[in-house]
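Protein chains in written order, with full-length UniProt numbering: chain A, 1 to 752; chain B, 1 to 204. What follows is a short report on a single structure.
Right, dumping it as structure tokens:
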């Protein structure tokens with residue numbers, strides 16, 4: 001049997017994706033389907049004083065126009081950050097209140113998409129406009145939640161003032177990061193079809209069970225009556241997790257008109273009807289002794305939130321996990337402004353905080369006259385700086401040493417502005433990447449047949465991550481089958497529980513469930529063959545039979561391929577479910593997950609701290625005269641436990657680094673401060689990296705064994721790649737120019 | 001807030017028309033209009049429709065569509081061919097790229113009625129009838145030139161166009177001439193590698 005894990009396997013869904021046969025949510029068309037379109041608010045804050053739908057209703061093809069006055073009732077649910085399944089806690093079209101620009105005010109149903117769009121344009125609204133502020137005011141910030149370690153939103157260990165007083169060098173610096181939008185290539189879409197009291201929803205989702213939970217709560221339906229189908233997702237990055245108003249409105253409209261309805265949210269509307277990365281300010285005060293050892297570590301993060309949710313993405317939990325320091329103080333603060341609720345966007349706690357931390361470390365290294373890599377080495381730790389428990393594995397410096405060598409860091413002249421190539425100023429910079437290993441409960445069902453095929457079923461998602469492929473690889477390895485013989489069925493809420501595809505949890509959590517389900521199939525076959533009158537295991541205690549890489553093994557060296565053993569049974573088929581739960585997972589987290597929420601063990605358990613690590617190195621070129629900033633080379637080395645598929649893992653890490661280029665140099669949702677609106681709400685003026693922005697990216701994947709995190713030894717990697725990129729580029733810009741840019745994105749105008 | 005259940009829902013009578021129009025996709029499932037003989041926008045009054053004839057993936061197709069229907073809507077909604085994706089509907093992202101008379105175009109920016117007599121190639125028309133993938137499709141699969149796969153049909157058609165135009169001379173040139181096709185997953189280096197592999201194969 002060929003090795004199927006820690007090898008390069010071409011995606012099992014590749015053929016479907018290159019032939020157009022991969023069906024995304026909006027590719028499903030129930031018979032008699034109508035089309036929906038949203039009309040949205042021009043103002044950010046105020047009251048809807050009138051809404052005239054007559055012209056819209058008169059438009060040929062328009063079937064119905066819904067406003068707050070005639071929308072069928074449903075029970076609204078709380079937002080994710082308030083413990084519910086919603087994308088936000090405020091539900092538009094429940095009344096006349098307007099709380100953010102671009103809030104849905106009417107929903108048009110028509111016979112074609114074009115007629116629906118035209119109808120939405122013809123809805124006329126009048127408002128009483130109130131005062132609105134889109135940017136947060138950091139001076140008005142507040143702390144949410146408890147003090148202390150673990151989940152505490154503030155933490156004090158030791159004495160920061162004393163630590164700064166004894167420091168040989170210190171930095172006190174602030175970094176600013178902007179609003180950003182996920183902009184998956186697939187636009188948000190929802191199709192709803194009612195058949196009596198049963199409902200089917202097709203929707204791109206990174207959490208089909210969260211959707212099902214929210215919908216069934218809204219309509220008082222049993223979860224068995226609500227199908228949620230999402231076999232392929234055209235990118236999510238955090239934007240397709242909670243149940244959104246556009247979904248609820250589509251379901252309500254379909255119920256009212258008595259026909260299936262599909263809504264495709266416009267690219268412009270995607271900026272306001274779902275979540276985004278909130279803007280933030282990151283303040284760091286670091287002190288170090290002459291050898292570079294940290295004597296004080298203080299991080300205060302202030303992040304934007306809406307008026308109706310407290311969107312906490314606790315980045316300080318990550319930064320305070322990073323380096324040893326006897327004195328630590330962190331605060332997680334929020335400041336409100338008049339937007340829809342933000343959410344989580346790829347590396348939600350880490351992108352913005354490590355842009356700050358890893359520049360602050362670079363600034364400190366310069367003051368100390370130390371090599372930035374050596375400053376990380378001096379402060380590396382095998383115990384969690386706050387909790388004191390050991391890291392289950394931590395290969396940070398191995399990553400630095402590997403990336404340093406491949407990048408050619410030794411050629412760097414440390415003096416800023418000292419390296420040039422013609423009219424280009426050349427800079428090298430580096431930064432740490434880390435991501436917590438979040439382990440969710442998960443389940444999977446495996447049905448194996450004597451023909452040598454298996455179905456692997458679980459409510460996980462492939463949002464481009466390669467989940468279909470790695471689940472097939474895990475099953476193939478355990479059952480002793482070729483990868484192609486393992487047919488993975490995912491993206492349906494009725495399948496066995498799998499977590500939200502967020503927080504880099506799927507491979508580690510759902511993968512472990514597939515692993516356990518395969519072992520359970522082995523146990524089931526063992527029971528059957530031990531009860532038979534002949535065969536190698538006849539009469540053997542089934543508890544003595546184990547499954548190892550597709551072979552059943554018993555006492556006295558007895559062995560038989562699983563598929564052969566299965567073929568000898570009268571049924572010729574065996575089905576079993578695996579239920580995975582990390583020993584450190586609490587009952588409360590287990591319950592939360594089964595109710596559609598996000599419950600995880602880790603990253604810090606009572607015994608261990610679980611994190612993946614990486615080191616990223618950037619070469620930056622800044623043109624002497626135009627100040628144009630280019631990134632010709634990015635090298636990253638990463639260690640994240642077992643690599644399941646070296647091809648798709650490489651793509652994920654590389655994609656994360658491309659995201660880092662975007663955050664560093666391009667991505668910002670611009671603000672209209674006078675009208676409290678997002679200005680560049682389209683994908684031409686909100687800049688994301690294009691092919692020409694991305695040059696050499698080298699990804700090195702180090703071997704690391706971790707027996708604590710889960711049976712597969714896997715840590716998540718969906719977000720790891722982005723974490724250090726922006727800081728590495730910022731540090732390289734400083735090295736090239738001597739200018740320190742502390743605000744994202746970093747643009748040529750900042751260097752003039 | 002209390003809602004007014006008596007609020008009229010004007011236009012509901014159109015459902016009667018909808019029920020009697022012949023071209024509604026039969027059965028739940030994928031857009032099913034493709035099998036129907038007379039392809040026309042379902043549920044639109046016949047007097048609002050105009051006819052257009054073009055060649056799609058080697059076959060002549062005659063459609064009746066509204067004048068405002070774009071090519072991508074005709075492909076997806078009228079013909080039920082959902083391989084071509086919509087990413088922005090404004091010609092900003094390239095997801096809907098198809099080949100029209102050998103040129104790559106954003107099909108969201110083309111009105112269907114302007115394609116009279118044109119040769120259109122979509123992702124469904126690339127593999128041979130036996131199922132053998134076009135070299136560009138095979139290269140995209142092999143090089144992992146996508147993750148979520150949503151921009152992929154557009155990328156593949158654009159990549160074929162890029163080589164045919166003679167803009168695949170170097171990696172730098174490929175990057176420049178493929179920059180109209182956004183990929184949010186960040187597969188760009190692998191997309192370039194796939195195009196280089198196909199170019200080298202063709203030249204070899």
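For every residue, glycine included, the Cβ atom is placed at its ideal position computed from N, Cα and C.
Pairing residue 655 of chain A with residue 162 of chain A, the inter-Cα distance amounts to about 42 Å.
In the DSSP assignment, the residues bridged to residue 52 of chain A are A/124. With its beta carbon less than 8 Å from one in chain B, residue 683 of chain A belongs to the interface. Close to chain B, meaning a Cβ-Cβ distance shorter than 9 Å, are the following residues of the region 219 to 247 of chain A: 232, 233, 234, 235, 236 and 237. Contact annotation: residue 347 of chain A and residue 439 of chain A have beta-carbon atoms that are not nearer than 8 Å. The DSSP-derived three-state label of residue 92 of chain A is coil.
One Cα belongs to residue 253 of chain A, the other to residue 141 of chain B, and the distance between them is close to 40 Å.
Residues of the region 169 to 181 of chain B with a Cβ closer than 9 Å to any Cβ of chain A, in chain order: 171, 172, 174, 175, 176, 177, 178, 179, 180 and 181. If you look at residue 256 of chain A, you'll find it in the alpha helix (DSSP H) that goes 245 to 257.
Among the bridge pairs identified by DSSP, residue 561 of chain A is matched with A/551. In summary, no residue of the region 476 to 500 of chain A has a CB separated from any CB of chain B by less than 7 Å. Contacts between residue 52 of chain A and chain B, judged by CB atoms closer than 7 Å, are missing: the closest CB pair is about 13 Å apart. Excluding the 5 residues flanking it on each side, residue 670 of chain A has same chain C-beta neighbours closer than 6 Å at 679 and 680, in chain order. Counting only the Cα atoms, residue 380 of chain A lies some 24 Å from residue 413 of chain A.
By the criterion of a C-beta distance shorter than 7 Å, residue 309 of chain A is surrounded in its chain by 79, 81, 82, 88, 89 and 341, once the five residues flanking it on both sides are discounted. Listed in chain order, the non-local C-beta contacts of residue 510 of chain A below 6 Å within the same chain comprise 442, 458, 460 and 498, local neighbours out to five positions each way being set aside. Cβ neighbours of residue 437 of chain A within its own chain (closer than 7 Å, five residues either side excluded): 508, 602, 603, 610, 611, 612, 709, 715 and 716. Scanning A/287, A/279, A/330 and A/494 for the CA closest to the CA of residue 300 of chain A turns up A/330. Listed in chain order, the non-local C-beta contacts of residue 150 of chain A below 8 Å within the same chain comprise 387 and 604, local neighbours out to five positions each way being set aside. With 16 or more other Cβ atoms inside 10 Å of its own Cβ, residue 427 of chain A counts as buried. Of the residues A/570, A/232 and A/391, the one whose Cα lies closest to the Cα of residue 462 of chain A is A/232.
For the region 12 to 35 of chain A, the set of positions with a beta-carbon nearer than 9 Å to some beta-carbon of chain B reads 13, 14, 15, 16, 17, 18, 19, 20, 21, 22, 23, 24, 26, 27, 28, 29, 30, 31, 32, 33, 34 and 35 in chain order.
Under the three-state reduction of DSSP output, residue 212 of chain A falls in the helix class.
Residue 172 of chain A is bridged by DSSP to A/285. Ranked by Cα distance from residue 176 of chain A, the options A/713, A/70 and A/279 are led by A/279. Comparing alpha carbon positions, the residue from A/197, A/204 and A/230 closest to residue 216 of chain A is A/197. CA-to-CA, the gap between residue 747 of chain A and residue 183 of chain A works out to about 21 Å.
Contact of residue 183 of chain A with chain B by beta-carbon distance below 8 Å involves 184. In the structure shown, residue 125 of chain B adopts helical secondary structure according to DSSP, grouped into three states. Residue 712 of chain A is not a Cβ neighbour of residue 648 of chain A, given a cutoff of 8 Å. Listed along chain B are 85, 87, 148 and 150, each with a C-beta nearer than 8 Å to that of residue 186 of chain A. By the Cβ rule, the region 590 to 599 of chain A does not count as touching the region 356 to 373 of chain A, because fewer than three pairs are nearer than 8 Å. Within the region 97 to 130 of chain A, contact with chain B at the beta-carbon level (separation under 7 Å) is assigned to 111, 112, 113 and 114. As a beta-bridge residue in DSSP terms, residue 50 of chain B pairs with B/65.
Pairing residue 542 of chain A with residue 652 of chain A, the inter-Cα distance amounts to about 41 Å. DSSP lists A/612 as the beta-bridge partner residues of residue 435 of chain A.
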